[in-house]
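Asks: First the structure, then my questions, so here it is.
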Amino acid sequence: MAMPWTSSRRSFGAGMVSMLLWPRAAVADAPPRTFNVRDYGASPTASAPANTRAFQRASAALTQASGGTLLVPPGRYRVGTQRIAAGRGQGYAAQGQPIIHIENCALPVSIHGTGATLVAADGLRFGAFDPVTGAVHNPKLPFYDLDFRADAYRMIDVRNCRAAVTISGIELDGNADHYVLGGPWGDTGRQVEAIGIMLDRNTGGVVVENVRSHDHGLDGIMVAHAGLTAKSPRYPVTLRNVVCDRNGRQGLSWVGGTQLTAIGCRFTRTGRGRFQSAPGSGVDIEAEESVCRNGRFVDCTFSDNVGVGFLASTGDVADIHVERCRMIGTTSWSSWSYKPRIRFDDCLFVGSVVNAFPSPDPTQATQFHRCRFTDDPKLSPTGKAYHQFLADLGGGSTNVLFDDCDFIAVGADKALPWTPSDTHYNNCRFRQAGKKLAYTRGVFTGTCMFRTAGDVDFYGSKIKGSMTLNGRLLGRNS
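Under my numbering, the first residue of the sequence shown carries the number 105, and numbering increases by one thereafter.
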């Protein structure tokens, strides 16, 4: 799960902010300025400490001007330094220093990478360490002692900005395989910070486009906005053509916000590096001290994550629309959507779907329209598809709707969905090549067709439309 927004999480940000409390200039009417990081000493040939200081100076200058463009010319910039504790009582074992940190701007902000790459330095500490000896500490979990916590970095941290924010054309390489890896910290795994992009409480609209954020110890991107309710204004965050690959905990953690749109993005291979922390999802929608509302994912891919591809199971989450997306679960579920008013249109699911949201009110229950569910190995990057059933809704599926969907089980050991009898199927088609017993029960309306080499347990089902099993018409019973 995502880290709780306790003092442990805020303390890292507070430490970063305290180092950047530069005097603020009055907001002028002049056009926003451009701040080229090369003018502040950044260079592809410079050391990580030198580049980190250069990015700090450029970010502070932009923040003092209350907006502008931070320009990062082409090149590969090593970044990342840590303050190492000298003993107990400092609230950290290692404290990551700010890199690009921008806050409280009233004018538009643009971070423009022009093909640049920021890569974390080798040897950053990540996890739990003894603050006195510096040795790796391996506690029994849960463990929340801040004195033992080693955070690595937030590469880009933008917060509390009131005008438009754009982040574009940059690669963020967390270099996680070359951390000095500490012990676990938090509730599971290493719930400490190594984040590509952190967006927190921005109200003027944020666009992240043409960005690749990968190999971070925690998340590729985190979007947060504490204190919101379902009645709060919409503060849009848009991700366009963003790749979050091979991060330790999540590709994207959305822990608060009233509007998030992802278009043409890829959230892949979370947890496939040197280490991983739960939940290991492509995307985790998990409201913390806030709500998550009005999410939209279009033409996105969630593939080969060690955990669930698309996960919405915790906190005050609702009103999510997923369109033309591909969810491929190789070692875990492709989708887990146990929150109200989540709808999938024209999506592909490879590997089993689990825990859709049931409700006595059909408008609240999860809906799937024109979707395809399969275990076809040709559609999986590893040739594997998780679980024996194409869907497993044994946890409850009252009024969950599959409308005009196709279910195609091709493996000899795979079967059609396992669903209770209050699941709704309308105009759906089912094919199963193997002889495994299927438990596809539900309320069947419209025209539904089954072709299978095995048997199907329809116990408790209601047939209200035209339904055939291997060409044989089954009589209506309701």
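Beta carbons are placed, not taken as given, at the ideal position from N, Cα and C, and that holds for glycine.
Fully enclosed by the region 321-402, which beta strand (DSSP E) runs are 3 residues long or longer?
Replies: Runs of the beta strand (DSSP E) inside the region 321-402: 323-328, 340-349, 354-358, 363-367, 370-372, 385-396 and 399-402.
Asks: What are the partner residues of TYR181, as DSSP defines its beta bridges?
Replies: What you label residue 181 is simply residue 77 of the sequence shown in a count that begins at 1. For TYR181, which the question treats as bridged, DSSP gives the partners LEU222.
Asks: Whole angstroms is fine: what's the gap from ARG474's alpha carbon to ASP510's?
Replies: Numbered from its first residue, the sequence shown carries residue 474 at position 370. Numbered from its first residue, the sequence shown carries residue 510 at position 406. Roughly 8 angstroms separates the two Cα atoms.
Asks: CB-CB under 6 angstroms to THR270, same chain, minus the five flanking residues each way: which ones, in chain order?
Replies: Counting from one through the sequence shown, the residue named residue 270 turns up at place 166. So the qualifying residues of the chain are SER214 and VAL311.
Asks: Which term fits GLY219, buried or exposed, when burial requires 16 or more other beta carbons within 10 angstroms of its beta carbon?
Replies: On the sequence shown, position 115 is the one that residue 219 refers to. By the neighbour-count criterion, in which a residue is buried when 16 or more other Cβ atoms sit within 10 angstroms of its Cβ, GLY219 is exposed.
Asks: Can you find the residues in the same chain that come closer than 7 angstroms, C-beta to C-beta, to THR486, ignoring five residues on each side of it along the sequence?
Replies: Your numbering for residue 486 matches position 382 in the sequence shown. Closer than 7 angstroms at Cβ, skipping near neighbours: ASP408 and THR434.
Asks: Within the continuous alpha helix (DSSP H) that includes PHE159, where are the two ends?
Replies: Within the sequence shown, residue 159 is the residue found at index 55, counting from 1. Counting along the chain, the alpha helix (DSSP H) containing PHE159 begins and ends at 152-168.
Asks: Using C-beta distances below 7 angstroms, list every residue in its chain close to ILE446, excluding the 5 sequence neighbours before and after it, in chain order.
Replies: Position 342 of the sequence shown, counted from the first residue, corresponds to residue 446. So the list reads ALA416, ILE424, PHE461 and THR470, once near-sequence residues are dropped.
Asks: What did DSSP end up calling ASP277 once you bin it into helix, strand or coil?
Replies: Taking the first residue of the sequence shown as position 1, residue 277 is located at position 173. Three-state DSSP puts ASP277 in a strand.
Asks: By how many angstroms is the C-alpha of LYS566 removed from the C-alpha of ASP526?
Replies: Within the sequence shown, residue 526 is the residue found at index 422, counting from 1. Within the sequence shown, residue 566 is the residue found at index 462, counting from 1. CA-CA distance, ASP526 to LYS566, rounds to 9 angstroms.
Asks: Can you tell me whether LYS568 is helix, strand or coil according to DSSP?
Replies: As a first step, residue 568 must be located in the sequence shown, where it is residue number 464. Looking at LYS568 - three-state DSSP - the assignment turns out to be coil, as it is neither helix nor strand.
Asks: Grab the span of the beta strand (DSSP E) containing ALA513 for me, first residue to last.
Replies: As a working mapping, residue 513 is identified with position 409 in the sequence shown. Where ALA513 is concerned, the enclosing beta strand (DSSP E) stretches over 510-513.
Asks: State the DSSP-derived secondary structure class of ASP559, mapped to helix, strand or coil.
Replies: Looking up residue 559 in the sequence shown gives position 455. In the structure shown, ASP559 sits in coil (DSSP, three-state: anything other than H, G, I, E or B).
Asks: Mapping DSSP to helix, strand and coil, what is LEU175?
Replies: Start at 1 with the first residue of the sequence shown, and residue 175 comes out as number 71. It is a strand residue.
Asks: What separation, rounded to the nearest whole angstrom, lies between the Cα atoms of LYS443 and LEU364?
Replies: Your numbering for residue 443 matches position 339 in the sequence shown. Your numbering for residue 364 matches position 260 in the sequence shown. About 16 angstroms.
Asks: So VAL240 and ILE274 are in contact, right, with Cβ under 8 angstroms, and what is the actual spacing, rounded?
Replies: Within the sequence shown, numbered from 1, the residue matching residue 240 stands at position 136. Within the sequence shown, numbered from 1, the residue matching residue 274 stands at position 170. No, VAL240 and ILE274 are not in contact; Cβ-Cβ is about 32 angstroms, not under 8 angstroms.
Asks: If you reduce the DSSP assignment to three classes, tell me which class VAL284 lands in.
Replies: The residue labelled residue 284 in the question sits at position 180 within the sequence shown. It is a strand residue.
Asks: Going by DSSP, name the residue or residues bridged to ILE206.
Replies: As a first step, residue 206 is located in the sequence shown; it is residue number 102 there, counting from the start. For ILE206, which the question treats as bridged, DSSP gives the partners VAL262.
Asks: Excluding five sequence neighbours on each side, which residues of the same chain lie with their C-beta closer than 7 angstroms to the C-beta of THR138?
Replies: Stepping through the sequence shown from its first residue, residue 138 is reached at position 34. For THR138, where only same-chain residues beyond five positions count, the Cβ hits under 7 angstroms are GLY172, THR173 and LEU175.
Asks: Report the option in VAL262, SER357, LYS482 and ARG378 whose CA atom is closest to the CA atom of ILE203.
Replies: If you number the sequence shown from 1, residue 203 lands on position 99. For the set VAL262, SER357, LYS482 and ARG378, the Cα lying nearest the Cα of ILE203 is the one of VAL262.
Asks: Take ILE432 as the anchor and find which of VAL421, VAL426, VAL454 and ILE299 has the nearest alpha-carbon.
Replies: Taking the sequence shown and counting its residues from 1, the one referred to as residue 432 is at position 328. Measuring from the Cα of ILE432, the nearest candidate turns out to be VAL454.
Asks: Using 7 angstroms as the threshold, is the C-beta distance between VAL412 and TRP440 below it?
Replies: The sequence position of residue 412 within the sequence shown is 308, counting from 1. The sequence position of residue 440 within the sequence shown is 336, counting from 1. Yes, the pair counts as a contact, with Cβ atoms nearer than the cut-off.
Asks: Count the other CB atoms, across all protein chains shown, that sit within 10 Å of the CB of PRO466; report buried if there are 16 or more and exposed otherwise.
Replies: Working through the sequence shown from its first residue, we reach residue 466 at position 362. It counts as exposed.
Asks: Any contact between the region 287-299 and the region 327-338? By contact I mean 3 or more CB pairs, one from each, below 8 angstroms.
Replies: Output reads no: the region 327-338 does not touch the region 287-299.
Asks: Give me the Cα-Cα distance between ASP564 and GLY399, rounded to the nearest whole angstrom.
Replies: In the sequence shown, residue 564 corresponds to position 460, counting from 1. In the sequence shown, residue 399 corresponds to position 295, counting from 1. Reading the sequence as shown, one finds Gly at residue 564 and not Asp. About 35 angstroms.
Asks: Might you give, ordered along the chain, the residues of its own chain that have their beta carbon closer than 7 angstroms to the beta carbon of LEU148, omitting 5 neighbours on each side?
Replies: Numbered from its first residue, the sequence shown carries residue 148 at position 44. Just to set this straight, residue 148 is Pro in the shown sequence, not Leu. Correct list, in chain order: GLY179, ARG180 and TYR181.
Asks: Considering just the uninterrupted stretch of the beta strand (DSSP E) at VAL547, what are its terminal residues?
Replies: Position 443 of the sequence shown holds residue 547. Under the DSSP assignment, VAL547 falls in the beta strand (DSSP E) whose first and last residues are 547-549.
Asks: Who are the near neighbours of VAL628 in its chain, counting only those whose CB is closer than 6 angstroms to its CB and skipping five residues on each side?
Replies: Absent from the structure is residue 628, since the part of the chain shown begins at 105 and ends at 582.
Asks: Please report the distance separating the alpha-carbon of ILE206 from that of LEU276.
Replies: Numbered from 1 along the sequence shown, position 102 holds the residue referred to as residue 206. Numbered from 1 along the sequence shown, position 172 holds the residue referred to as residue 276. Each residue's alpha carbon lies about 17 angstroms from the other.
Asks: Cβ atoms of PRO212 and ALA164: under 7 angstroms apart, would you say?
Replies: Here residue 164 refers to the residue found at position 60 when the sequence shown is read from its first residue. Here residue 212 refers to the residue found at position 108 when the sequence shown is read from its first residue. No, Cβ-Cβ distance for ALA164 and PRO212 is not below 7 angstroms.
Asks: Take ALA537 as the anchor and find which of GLY579, ALA519 and LYS488 has the nearest alpha-carbon.
Replies: To locate residue 537, count along the sequence shown from 1; it is residue 433. Ranking GLY579, ALA519 and LYS488 by CA distance to the CA of ALA537 puts ALA519 first.
Asks: Are the CB atoms of GLY550 and ASN531 nearer to each other than 7 angstroms?
Replies: Along the sequence shown, one-based indexing puts residue 550 at 446. Along the sequence shown, one-based indexing puts residue 531 at 427. Yes, the Cβ-Cβ distance between GLY550 and ASN531 is below 7 angstroms.
Asks: Cβ atoms of GLY368 and ASN345: under 7 angstroms apart, would you say?
Replies: On the sequence shown, residue 345 is found 241 positions in, with the first residue counted as 1. On the sequence shown, residue 368 is found 264 positions in, with the first residue counted as 1. Contact: yes.
Asks: Please work out which residues of its chain come closer than 7 angstroms, Cβ to Cβ, to VAL236, disregarding the five sequence neighbours upstream and downstream, and give them in chain order.
Replies: Within the sequence shown, numbered from 1, the residue matching residue 236 stands at position 132. Excluding positions up to five away in sequence, the list reads GLY191 and ARG192.
Asks: Considering only the alpha carbon of each residue, which of GLY546, ARG533 and LYS540 lies closest to THR572?
Replies: Within the sequence shown, the letter at position 468 stands for residue 572. Comparing Cα positions, the closest option is ARG533.
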